[in-house]
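The opening position of the sequence shown corresponds to residue 101 in our numbering, with each subsequent residue numbered one higher. What follows is a short report on a single structure.
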Amino acid sequence: MSDCAGILVIAEMAESGAARIGLELLGLAKGLAQEAGQTIAAVLLGSGLEAAAAELAKCGAATVYAVDSPELAEYNPDSYLVAILNLCEELHPAAILAGHTPMGQDLMPRLAFALGAGLVTDCTSLSWDAAQGLVASKPIYGGNAMASLASETRPQMVTVRPKAGNPLEPVEPGGSVEAVEAVLPAPAITLLGRVLEENIGVKLEESCVVVSGGRGIGGPDGFDQLRELAGLLGGAVGASRPPCDSEWIACTSQVGITGKLVAPDIYIAVAISGSSQHLSGMSDSRNIVAINKDPDAYIFKVAHYGVVGDWRRILPSFTGKLASLLAE
Ligand SMILES: Cc1cc2nc3c(=O)[nH]c(=O)nc-3n(C[C@H](O)[C@H](O)[C@H](O)COP(=O)(O)OP(=O)(O)OC[C@H]3O[C@@H](n4cnc5c(N)ncnc54)[C@H](O)[C@@H]3O)c2cc1C
């Protein structure tokens, strides 16, 4: 593709409107656009998009292309791919940003293949270089090193981790919303049903506070104490892999390279050693508190605050003190 220009953000719908990831990507795109002198557009696919498209237009998109059809109400790779491909052929974007979400992970490789372009996945930060264009950074070797990559092909395509960017404050009147008619193919894949993850309390990936337990918790009962603390803080409970493998807690609670990626304001790691696989799922947390009986545990190297000792003694007094402070 020659004469490529502009940054295209692939936004997503959530149950209650525009998904946060699209707003975060617009925040990142704004920073890039300032460096690169590029315009920002967003594309949103789904059914009943009016309010969500307007929100994106107020939060950084100069133009929101809304592909609104009952056939797009659920993500379907065939129809979503065709609709976005048509738009790319019209816009010739220089860069395409999508979330490293289930949809982004499925759609972007298909789109990159169709466009004959490279794709950098699971990025945690983006910058713009005058010579190389979009430069994406991502953790490698289980989070032990960072790699900076710039695709040589155009458009330059990336998927970005949730919480890598911040949504912009909405402005009035914002950008424009353009309805796009798409001629969609008969999908080769039929959605038979959706199984909603049982979600008691706050969603792990979206929670501002995460209290996670590791192998040292010793069994399922210990997690009740973590739930009590998380409940007081309005947070969610996570885990390292061993408690999930041992079925002390649901496998959907696993944090790490093969689990969920979290970046809360506070991450409390209880009896977790700090393996690179675990750290790559939580090391972007703003404040990390570690409780571990081993003073040499690696988790203390990344923790901002640490307590050395048996969590069974430390946690009840910590939770009790917090409860009394909150009661005051
Ligand atoms: C391909 C692959 C993918 C993986 N993906 C993930 C992943 O996504 N997430 C993940 O977490 N792991 C993952 N792992 C596993 C990872 O390598 C580690 O084995 C795991 O993170 C260790 O979990 P842990 O820290 O809970 O256990 P351990 O390493 O056994 O550490 C337990 C800690 O608890 C402390 N402790 C024990 N008792 C107490 C006590 N009473 N009070 C205070 N502290 C105590 C100990 O001092 C120790 O530091 C993966 C591994 C592989 C090979």
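No residue lacks a Cβ here, since even glycine has one placed at the ideal position from N, Cα and C. In this text, all values refer to a predicted model and were calculated from it rather than measured experimentally.
Secondary structure at I289: coil, using DSSP grouped into helix, strand and coil. Listed in chain order, the non-local C-beta contacts of V220 below 6 Å within the same chain comprise A236, L249 and V258, local neighbours out to five positions each way being set aside.
Along the length of the segment 248–297, whole beta strand (DSSP E) runs at least 3 residues long occupy 256–260 and 276–279, reported in chain order. About 6 Å separates the beta carbon of I388 from that of V402, a gap short enough to meet the 8 Å contact definition. For W411, the enclosing alpha helix (DSSP H) has its first and last residue at W411 to A427.
Annotated three-state conformation of S383 is coil, per DSSP. Residues G335, A336 and P364 of the same chain have their beta carbon placed closer than 7 Å to that of S307, with the five preceding and five following residues left out of the count. For I107, the enclosing beta strand (DSSP E) stretches over residues I107 to I110.
The secondary-structure analysis by DSSP pairs N392 across a beta bridge with V408. Counting only runs of at least 3 residues, the segment 118–185 fully encloses the following beta strand (DSSP E) elements, listed from N- to C-terminal order: 140–146 and 163–168.
Restricting attention to alpha helix (DSSP H) runs no shorter than 4 residues, the segment 187–223 encloses them at 202–215, ordered along the chain. Counting only residues of its own chain and dropping the five nearest sequence neighbours on each side, N176 has a CB closer than 8 Å to the CB of P287, I289 and L291.
For T224, the distance from the CB to the nearest heavy atom of ligand 1 is not below 7 Å. Here the C-alpha atom of P209 lies approximately 12 Å from the C-alpha atom of L185. Between V370 and the set S376, I317 and M382, the nearest pair of CA atoms involves I317. If you check the CB distance, V280 and A153 do not come in under 8 Å. The C-alpha of A217 lies about 7 Å from the C-alpha of Q256. Taken from the Cβ of Q205, every heavy atom of ligand 1 lies 7 Å or farther away.
Residue state for D324 is assigned as helix, using DSSP reduced to three classes. The Cβ-Cβ distance between G127 and P262 does not fall below 8 Å. Within the chosen limit of 7 Å, ligand 1 does not reach the beta carbon of A231 with any heavy atom.
Look at V362 here: in three-state DSSP terms it is coil, with no helix or strand label. DSSP, reduced to helix, strand and coil, places S353 within a helical segment of the structure shown. For G356, the Cβ falls inside the 7 Å cut-off from some heavy atom of ligand 1. Taking the Cα of G356 as reference, the smallest distance to any Cα among E347, S346 and I372 is reached at I372.
Inclusion of N392 in the 7 Å shell around ligand 1 follows from its C-beta lying nearer than that to a non-hydrogen atom of the ligand. Contact between V310 and V260 fails: their C-beta atoms lie close to 20 Å from each other, not under 8 Å. Taking a contact to require three or more Cβ pairs closer than 8 Å, the segment 164–175 and the segment 138–153 qualify as touching.
For the set W411, G313 and G359, the Cα lying nearest the Cα of Y367 is the one of G313.
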